[in-house]
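Novice:
In the numbering used here, the protein residues as written are 1076 to 1163.
1) With a threshold of 6 Å on Cβ separation, who are the neighbours of residue 1111 within its own chain once the five nearest residues in sequence on each side are excluded?
2) Does DSSP classify residue 1160 as helix, strand or coil?
3) Following the continuous beta strand (DSSP E) through residue 1119, name the residue where it begins and the one where it ends.
4) Can you grab the Cα-Cα spacing for the pair residue 1079 / residue 1126, in whole Å?
5) Between the alpha carbons of residue 1093 and residue 1133, how many angstroms are there, rounded?
6) Output yes or no for whether 8 Å exceeds the beta carbon distance between residue 1081 and residue 1115.
7) Excluding sequence positions up to five away, which residues of its chain have a Cβ less than 7 Å from the Cβ of residue 1104?
Here's what the structure looks like:
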């Protein structure tokens, strides 16, 4: 389990599987150095020196605009809830 800062705060049966050797600080999520948005979509790039999202998308933006701009209210994508429960 990770908190909202990406820090590992819990591992199911962690003590039984890893013992005291598991250093949770070493297994936190990596920070994404470059985050950009386009039409409400969020893109993350691990290379902070990469070209801009605008440049990368190039002519694809025309197609995205058609798909995402089909109504005045915009588009909303909802996924199912994600929750894993492991019986121990």
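Every residue gets a Cβ at the ideal spot worked out from N, C-alpha and C, and that includes glycine.
Specialist: Put simply:
1) In the chain shown, counting from the first residue as 1, residue 1111 sits at position 36. Counting only Cβ-Cβ distances below 6 Å, and skipping sequence neighbours, we find 1118 and 1128.
2) In the chain shown, counting from the first residue as 1, residue 1160 sits at position 85. Correct three-state label for residue 1160: coil.
3) On the chain shown, position 44 is the one that residue 1119 refers to. Counting along the chain, the beta strand (DSSP E) containing residue 1119 begins and ends at 1116-1120.
4) On the chain shown, residue 1079 is found 4 positions in, with the first residue counted as 1. On the chain shown, residue 1126 is found 51 positions in, with the first residue counted as 1. Cα to Cα, the separation comes out at about 28 Å.
5) On the chain shown, position 18 is the one that residue 1093 refers to. On the chain shown, position 58 is the one that residue 1133 refers to. So the alpha carbons of these two residues sit roughly 47 Å apart.
6) The residue you call residue 1081 lines up with position 6 of the chain shown. The residue you call residue 1115 lines up with position 40 of the chain shown. No.
7) If you number the chain shown from 1, residue 1104 lands on position 29. Within the same chain, residue 1104 has close Cβ partners 1077 and 1081.
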